[in-house]
Amino acid sequence: MNERKRQVLLTAQRLFIDKGFSATSVQDILEGSKISKGTFYNYFTSKNECLVAILEYVNEETFVRRRELLIGENKADKHVLANQIAVRMQVNREENLFMLFEAIFHSGDQELRDFVKRNHLKELFWLSDRLIDVYGEKASPYALDGAALLLGMMQQIFHIWAAASNSLGEMNTLVLFVLRRMDSIIPDLISSQDNLLNEDVGLSLKRNLNSKQYSRDQIIEQLTGFTEKLSDEANVDGKQCIHFLMEELNTENPRIYLIETVTRAFTKAFTGTPDELEAREIASRLWSYVDSVNNG
């Protein structure tokens with residue numbers, strides 16, 4: 000995503016929050032962004048697509064932060080999982096998205112509501128997989144139930160918590176409290192062999208998802224285009240990371256553990272620069288590729 004498009008999204012996001020999604024027109028976004036109608040429709044086919052792009056950006060940011068938290072850590076560590084869960088709430092607060100979700104819920108727009116529903120399912124399956132990491136393979140038949148129960152508890156407690164405190168520093172306290180409840184719930188599900196969201200339900204839900212996977216060649220192509228637009232003297236550390244990643248991805252058997260480490264360094268090298276947004280987009284695709292290899 001280029002910087003100009005990102006600025007349009009930021010303007011649209013501010014207007015959606017200040018005026019409400021339904022009350023904000025494309026013309027409002029044009030005037031706020033100081034762009035032409037042609038430029039807007041070159042980026043987005045509709046106001047809905049503009050909102051979806053905002054939410055997709057947040058998804059990518061959440062994904063990158065969560066994957067970075069796993070580097071060198073034990074997947075079974077509940078504190079790591081707590082930090083990862085808290086990322087979603089932290090990003091939503093940073094981007095002030097809670098009002099947007101409310102607006103979508105009340106809009107009656109089926110396209111937007113379906114998008115939010117798919118996001119919720121992705122979160123559910125991500126959490127289900129992580130619960131298996133924490134509680135072991137024996138929890139697999141019950142992980143979807145556990146994830147649904149955990150998210151339900153989080154949602155209800157968070158509303159009360161948010162009304163009482165604005166401290167992001169306390170977010171992990173809330174998450175760890177709910178995870179401690181799972182220490183009783185998951186073993187009970189296993190011992191009683193009681194599950195509602197069984198494998199057939201999981202397969203049915205997964206058919207509603209359309210997560211895009213990026214191939215190694217596609218990532219190499221984007222890295223090539225990214226490095227070509229950088230000036231010769233710009234960001235030496237970042238260029239070294241790109242060079243390493245491209246060399247490693249071009250090998251027959253890329254060393255995934257090295258790609259993980261260098262991807263984090265790559266993201267850090269471009270943080271605070273005009274190229275940060277595109278770098279984080281590439282990082283998100285790299286993490287997606289790493290996960291596909293690890294799970295393949």
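Residue numbers (numbering that gives the first Met the number 0): 0 to 295.
By construction, the Cβ of each residue, glycine as well, lies at the ideal position given by its N, Cα and C atoms.
None of these values were measured; they are calculated from a predicted model.
Which residue marks the beginning of the alpha helix (DSSP H) containing residue i, and which one marks its end?
i, result
"G31", "V25 to S32"
"G201", "E198 to K205"
"D236", "V235 to L248"
"Q109", "Q109 to Y134"
Under a three-way DSSP split, which group does residue i fall into?
i, result
"P140", "helix"
"G224", "helix"
"T260", "helix"
"P186", "helix"
"T272", "coil"
"R298", "The requested residue 298 does not occur in the structure, where the chain is confined to residues 0 to 295."
"L173", "helix"
"L96", "coil"
"S298", "Examination of residue 298 is not possible in this model, given that the chain is present from 0 through 295 alone."
"R254", "coil"
"L195", "coil"
"R5", "helix"
"E277", "helix"
"E101", "helix"
"N294", "coil"
"L167", "Because the pLDDT of L167 is 47, which lies under 50, any placement of that residue in the model is unreliable, and the number read from its coordinates should be weighed accordingly. In the structure shown, L167 sits in a helix (DSSP, three-state: H, G or I)."
"L229", "coil"
"L285", "helix"
Nearest to residue i by CA position, among the options, is which residue?
i, options, result
"I131", "L99, N73 and F114", "N73"
"I258", "I103, G271, D231 and N293", "N293"
"L54", "L285, V90 and W125", "V90"
"F124", "I84, E94, F265 and Q221", "I84"
"F176", "Q6, L188 and L150", "L150"
"R65", "S283, S291 and Y288", "S283"
"N95", "L14, E169 and S127", "L14"
"V235", "K18, F269, K205 and V115", "F269"
"L248", "I103, W286, K121 and R117", "W286"
"Y288", "V63, I34 and D17", "V63"
"R3", "D17, S21, L29 and G19", "L29"
"I16", "K116, L99, R5 and I70", "L99"
"Y56", "S291, N118 and Q154", "N118"
"A102", "T226, L204, A22 and V79", "A22"
Residue i CB to nearest chain D CB: under 8 Å?
i, result
"P253", "Considering every chain present, this structure includes no chain D. It has just one protein chain."
Taking 7 Å as the cut-off, is the C-beta of residue i nearer than that to any heavy atom in the ligand ADP?
i, result
"A75", "In the structure on display, the ligand ADP does not appear, and there are no ligands present to speak of."
Minimum length 4: unbroken alpha helix (DSSP H) runs contained in the segment 9-82
25-32, 36-42 and 46-69
Looking at C-beta atoms only, is the number of pairs between the segment 192-201 and the segment 142-160 that lie closer than 8 Å three or more?
yes
Under 8 Å: do the segment 22-41 and the segment 73-82 share three or more Cβ pairs, one atom per stretch?
no
Assess, as a yes-or-no matter, whether the segment 240-255 is touched by the segment 213-230 under the definition of 3 or more beta carbon pairs within less than 8 Å.
yes
Measuring CB atoms only, is the segment 226-239 touching the segment 259-278, in the sense that at least three cross pairs come out at less than 8 Å?
Yes: at least three Cβ pairs fall under 8 Å.
Hey, is the segment 45-53 in contact with the segment 107-114, meaning 3+ C-beta pairs nearer than 8 Å?
With three or more CB-CB distances shorter than 8 Å, the segment 45-53 counts as touching the segment 107-114.
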